[in-house]
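**Student:** Please read through the structure below; I'll follow up with questions.
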Amino acid sequence: MKHTMRWFGPDDPVSLMDIRQAGCRGVVTALHQIPVGDTWQPAEIKKRQQLVEAGNSGYSPLYWDVVESLPVHEDIKKGRPARRIFIDRYIQSLRNLANSGIRTVCYNFMPVLDWSRTNVSYKLPDGSMTLRYVLADFALFDLYILKRPDAEKDYDQPTREAAYKRWKSATRHELARLTDTILLGLPGTEEKFELAEFQGLLDAYRDVGEAGLRENLYHFLQEAGPAASEAGINLCIHPDDPPRPLLGLPRVVSTASDISRLFSAYPHSSNGLTFCTGSLGVRPDNNLPQMAETFASRIHFVHLRSTLREQNPLDFHEAPHLQGDVDMYAIVKTLKKEEQRRYAEGVQNAEIPMRPDHGFQMLDDLGKTTYPGYSAIGRLKGLAELRGLELAVEKELLFQSQ
Ligand code: DNO
């Protein structure tokens, strides 16, 4: 696998030098400064490429390998008439990226929110910090802070009771922190949603529903897919995180069946997947090793990370990369076999870009402010472990083939 790291751009406290020292060559980045829905112009793309390549001096030269993300405008997700304009711009951005030599583009189709957690600094007994999602805290926000109409029916009695208890005992500071965490804007931005406008954003999906969101995703793929294929771009959709509906919003990229359906909407290999083990692995009914095998030929980008379901199986926190509920060995083995198949068949760019997804905040990073999940040392630790696993799997496969 090609080892890559995410870089949020010039304002990222983790530097390109850090990424170089981690032993990566591929950089995963995006033009976060461009408003969602605007075209990524060739000059802006070039500028970022030059920035990434600026410090290159022989050993471990860096290059912009993967776009994460080229965000999809909400009007496309909602199927509004204006989607025509935004899809055209999206296609233009894809062409501009392809002309600059960038061929892997990650995106997601989660309405309003990207990934969601209830705590981005959950302290573990050893003092390191990780990301956590507790359903009762989410319900607390939904029922007592946002006060979303009809929210009650989305939670069972024990969750509602737990949410009420937590709400009664929480301090103002704790409630403010929870609100801020849930309203975090898109990754790579400092922006947050405002509580007052948030309900309006959710309401706009009331008439879309699950079937509508699926239709809109398939429409997007049928329009943008052929342009991607023609330009030689691999689109890779990122699954929902967590993989279930939130705040009354539908989510349609959470299970194996969701993924099969979106592949059939435009059955070309450029309509692919970001195999994010941390997102998909939260659901016990997602059999990850099996999904990796089923979808292997359509996996164009990999996020490796593990989660651990807690006593209430709807709660989880992010675990060390090789621990938790994800069978990382089985997954890495399937991905390595897929690479071998691609090599054998002479597929161009047979190596699959992989990044260690998230990492604990630990050691010297504890005092620093970084994007949640994206401090340097925790990700480096994850990457180091994954590289070791990969090497062992490689040797095992070699041994088996002799
Ligand atoms: C979180 C990330 C996601 C991902 C987007 C892709 O850490 O994995 O925010 O970048 O969903 O569109």
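Letter 135 of the sequence shown, counting from 1, is numbered 180 in the numbering used here, and no numbers are missing.
We put the beta carbon where it would ideally sit given N, CA and C, even for glycine.
1. Are there 16 or more other CB atoms within 10 angstroms of the CB of Arg148, so buried, or fewer, so exposed?
2. Closest to Ser138 by CA distance: which of Tyr178, Leu280 and Ile227 is it?
3. Return helix, strand or coil for Lys47, following the three-state DSSP convention.
4. Beta carbon of Trp160: closer than 8 angstroms to some heavy atom of the ligand DNO?
5. List the residues that DSSP assigns as beta-bridge partners of Ala241.
6. Around the Cβ of Met62, are there at least 16 other Cβ atoms within 10 angstroms (buried) or fewer (exposed)?
7. For Ala269, does the three-state DSSP call read helix, strand or coil?
8. Is His118 near the ligand SAH, with its Cβ less than 8 angstroms from a heavy atom?
9. So Asn144 is in the beta strand (DSSP E); what residue range does that whole segment cover?
10. With contact counted as at least three CB pairs below 8 angstroms, one residue from each stretch, are the segment 266-275 and the segment 121-139 in contact?
11. For the ligand DNO, any of its heavy atoms closer than 8 angstroms to the Cβ of Gly450?
12. Consider the C-beta atom of Thr74 and the heavy atoms of the ligand DNO; say whether any pair is separated by less than 8 angstroms.
13. For Ser60, count neighbouring Cβ atoms within 10 angstroms of its own Cβ and tell me buried if that reaches 16, exposed if not.
14. Please confirm whether any heavy atom of the ligand DNO lies closer than 8 angstroms to the CB of His403.
15. Quick check on DSSP: helix, strand or coil for Glu236?
16. Return the chain-ordered ranges of every beta strand (DSSP E) run that is complete within the segment 365-422 and spans a minimum of 3 residues.
17. When you compare the CB positions of Gly68 and Lys47, do they come within less than 9 angstroms of one another, or not?
18. Please state if the CB of Leu431 and the CB of Met336 are separated by a distance shorter than 9 angstroms.
19. Please report the residue range of the alpha helix (DSSP H) in which Gly323 lies.
20. Quick check on the burial criterion: 16 or more other C-beta atoms within 10 angstroms. Buried or exposed for Gln406?
21. Classify Glu384 as buried or exposed, calling it buried when 16 or more other Cβ atoms lie within 10 Å of its own Cβ.
22. Around the C-beta of Tyr388, are 16 or more other C-beta atoms found within 10 angstroms, so that it is buried, or is it exposed?
23. Using a threshold of 8 angstroms, is the CB atom of Met399 nearer than that to any non-hydrogen atom of the ligand DNO?
24. If you follow the beta strand (DSSP E) that Ser351 is in, where does it begin and where does it stop?
25. Are there three or more Cβ pairs, one per stretch, closer than 8 angstroms when the segment 174-181 is compared with the segment 257-267?
26. Please report the distance separating the alpha-carbon of Asp370 from that of Gly172.
27. Under 8 angstroms Cβ to Cβ from Gln78, same chain only, skipping five residues before and after it: list those, please.
28. Quick check on Ala127: buried or exposed, where buried means 16 or more other Cβ atoms within 10 Å of its Cβ?
29. Can the beta-carbon of Pro365 be found closer than 9 angstroms to that of Gly433?
30. Looking at Trp52 and Val97, is the spacing between their C-beta atoms short of 9 angstroms?
31. What residue range is occupied by the uninterrupted alpha helix (DSSP H) comprising His218?
32. Kindly indicate the opening and closing residues of the alpha helix (DSSP H) around Asn121.
33. Quick check: what's the CA-CA separation for Gly391 versus Glu439?
34. Please specify which runs of the beta strand (DSSP E), each continuous and at least 3 residues long, are wholly inside the segment 60-124, giving them in chain order.
35. I want to check one thing, is the minimum distance from the CB of Thr149 to the heavy atoms of the ligand DNO below 8 angstroms?
**Tutor:** On the basis of the data shown:
1. Residue numbering aside, residue 148 sits at position 103 when the sequence shown is read from its first letter. Buried, by the Cβ-count rule.
2. In the sequence shown, counting from the first residue as 1, residue 138 sits at position 93. Among Tyr178, Leu280 and Ile227, the Cα nearest to that of Ser138 belongs to Leu280.
3. Here the question's residue 47 lines up with position 2 in the sequence shown. Three-state result, Lys47: strand.
4. If you number the sequence shown from 1, residue 160 lands on position 115. Yes; taking the cut-off as 8 angstroms, the Cβ of Trp160 has a heavy atom of the ligand DNO nearer than that.
5. To locate residue 241, count along the sequence shown from 1; it is residue 196. In the DSSP output, where bridge partners are listed per residue, Ala241 has none listed.
6. If you number the sequence shown from 1, residue 62 lands on position 17. It counts as exposed.
7. Locating residue 269 in the sequence shown gives position 224, counting from the first residue. Helix at Ala269.
8. For the ligand SAH, the structure offers nothing, since it holds only the ligand DNO.
9. As a first step, residue 144 must be located in the sequence shown, where it is residue number 99. Premise fails: Asn144 lies in the alpha helix (DSSP H), Arg128 to Asn144, not in any beta strand (DSSP E).
10. yes
11. The chain is shown from 46 up to 447; residue 450 falls before or after that span and cannot be answered.
12. For the purposes of this step, residue 74 is taken as the residue at position 29 of the sequence shown. Checking every heavy atom of the ligand DNO against the Cβ of Thr74, none is found closer than 8 angstroms.
13. Here residue 60 refers to the residue found at position 15 when the sequence shown is read from its first residue. Exposed, by the Cβ-count rule.
14. Along the sequence shown, read from residue 1 onward, the residue named residue 403 stands at position 358. His403: yes, Cβ under 8 angstroms from the ligand DNO.
15. Residue numbering aside, residue 236 sits at position 191 when the sequence shown is read from its first letter. Residue state, collapsed to three classes: coil.
16. 398-401
17. Translated into positions along the sequence shown, residue 68 becomes position 23. Translated into positions along the sequence shown, residue 47 becomes position 2. For Gly68 and Lys47, no; Cβs fall outside 9 angstroms.
18. Taking the sequence shown and counting its residues from 1, the one referred to as residue 336 is at position 291. Taking the sequence shown and counting its residues from 1, the one referred to as residue 431 is at position 386. Their beta carbons are not under 9 angstroms apart, which means Met336 does not touch Leu431 by this criterion.
19. As a first step, residue 323 is located in the sequence shown; it is residue number 278 there, counting from the start. That run of the alpha helix (DSSP H) goes Thr322 to Leu325.
20. Stepping through the sequence shown from its first residue, residue 406 is reached at position 361. So Gln406 counts as buried.
21. Locating residue 384 in the sequence shown gives position 339, counting from the first residue. Classification of Glu384: buried, given that the 10 Å Cβ count is 16 or more.
22. In the sequence shown, the residue the question calls residue 388 occupies position 343. Tyr388 comes out exposed.
23. As a working mapping, residue 399 is identified with position 354 in the sequence shown. The answer is no for Met399.
24. As a working note, residue 351 is residue 306 in the sequence shown. Where Ser351 is concerned, the enclosing beta strand (DSSP E) stretches over Ser351 to Arg354.
25. no
26. Within the sequence shown, the letter at position 325 stands for residue 370. Within the sequence shown, the letter at position 127 stands for residue 172. Rounded to whole angstroms, Asp370 to Gly172 spans 22 angstroms at the Cα level.
27. As a first step, residue 78 must be located in the sequence shown, where it is residue number 33. So the qualifying residues of the chain are Gly54.
28. Along the sequence shown, read from residue 1 onward, the residue named residue 127 stands at position 82. Exposed, since its Cβ has fewer than 16 Cβ neighbours within 10 Å.
29. Working through the sequence shown from its first residue, we reach residue 365 at position 320. Working through the sequence shown from its first residue, we reach residue 433 at position 388. Their beta carbons are not under 9 angstroms apart, which means Pro365 does not touch Gly433 by this criterion.
30. Here residue 97 refers to the residue found at position 52 of the sequence shown. Here residue 52 refers to the residue found at position 7 of the sequence shown. Yes, the pair counts as a contact, with Cβ atoms nearer than the cut-off.
31. Counted from its first residue, the sequence shown places residue 218 at position 173. Note, His218: alpha helix (DSSP H), Arg217 to Ile227.
32. Indexing the sequence shown from 1 puts residue 121 at position 76. Sequence check: residue 121 is Ile here, not Asn. It spans Glu119 to Lys123 - the alpha helix (DSSP H) in which Ile121 sits, taken as one unbroken run.
33. Here residue 391 refers to the residue found at position 346 of the sequence shown. Here residue 439 refers to the residue found at position 394 of the sequence shown. Going from the Cα of Gly391 to the Cα of Glu439 covers about 19 angstroms.
34. 71-74 and 108-113
35. On the sequence shown, residue 149 is found 104 positions in, with the first residue counted as 1. Outside the cutoff, so no.
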